[in-house]
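K.L.:
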Amino acid sequence: MSSNQNSPFFGARELKVVLIGDASVGKTSLLTRYITGSHTSNISPTLGAAFTTKLVESDGENVKLQIWDTSGEERYRSMAPLYYRGAAVVVLVYDLTIESTYSSIDHWLEALRQHVNMQTTLILLVGNKLDLLNTNKRVVSQEDAKRHA
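Residue numbers for the sequence shown follow numbering that gives the first Met the number 0, so the first one is 0 and each next one is one higher.
#1: Taking the C-alpha atoms as reference points, what is the distance between A110 and S37?
#2: Taking the continuous beta strand (DSSP E) assigned at K15, which residues delimit it?
#3: Taking one C-beta from the segment 70 to 81 and one from the segment 16 to 27 each time, how about it: are there three or more such pairs within less than 8 angstroms?
#4: Helix or strand or just coil, what does DSSP make of A48?
#5: Determine the burial state of K128: buried for a count of at least 16 other Cβ atoms within 10 Å of its Cβ, exposed for fewer.
#6: Tell me which residues share the same chain as L29 and place their Cβ nearer than 8 angstroms to its Cβ, disregarding the 5 neighbours each side in the sequence.
#7: Would you mind sorting V55 into buried or exposed? The rule is 16 or more other CB atoms within 10 Å of its CB.
#8: Considering only residues of the segment 99 to 137, which uninterrupted alpha helix (DSSP H) runs meet the minimum length of 4 residues and lie entirely inside it, listed in chain order?
Here's what the structure looks like:
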């Protein structure tokens with residue numbers, strides 16, 4: 000038996016997950032925390048996109064998450080639709096302390112409508128940087144975010 004068949008990934012169902020949102024909203028930090036379980040404060044901006052996998056168990060079966068961390072920088076936005084294709088889940092991240100990142104949600108949703116099946120793709124809206132609210136003022140209320148979702 001080859002070593003690939005001994006891998007816990009062998010035969011696992013695969014799901015593509017894409018993180019999107021404006022630059023510096025914390026997409027890479029969220030992903031790093033999810034993958035490693037720890038917080039890293041010195042993360043460099045993503046250039047284009049980064050890719051990682053994580054094996055999870057769901058309803059007793061192994062699922063291989065293919066997670067794409069995309070850049071929110073304007074110069075890379077034209078490439079973002081390339082990463083949407085085939086996504087089962089899109090995580091749309093905004094910064095709770097910067098209103099413009101919340102205002103951009105409609106732009107990101109419009110781009111998604113053009114490139115994914117909105118009936119079958121799960122869209123998660125994530126307000127990030129709650130941990131910074133003791134030093135920064137929250138500019139997006141929970142009520143506004145719930146209405147938008």
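Note that CB positions come from ideal geometry on N, CA and C, so glycine has one too. The structure displayed is predicted, hence computed values, not measured ones.
P.N.:
The answer reads as follows:
#1: If you number the sequence shown from 1, residue 110 lands on position 111. If you number the sequence shown from 1, residue 37 lands on position 38. About 32 angstroms.
#2: Position 16 of the sequence shown, counting from 1, holds the residue named residue 15. It spans 12 to 19 - the beta strand (DSSP E) in which K15 sits, taken as one unbroken run.
#3: yes
#4: As a working note, residue 48 is residue 49 in the sequence shown. If DSSP states are grouped into helix, strand and coil, A48 belongs with the strands.
#5: Numbered from its first residue, the sequence shown carries residue 128 at position 129. By the neighbour-count rule (16 or more Cβ atoms within 10 Å), K128 is buried.
#6: The residue labelled residue 29 in the question sits at position 30 within the sequence shown. L18, V90, V92, V125, N127, listed in sequence order.
#7: For the purposes of this step, residue 55 is identified with residue 56 of the sequence shown, where counting begins at 1. Label assigned to V55: exposed.
#8: 104 to 114
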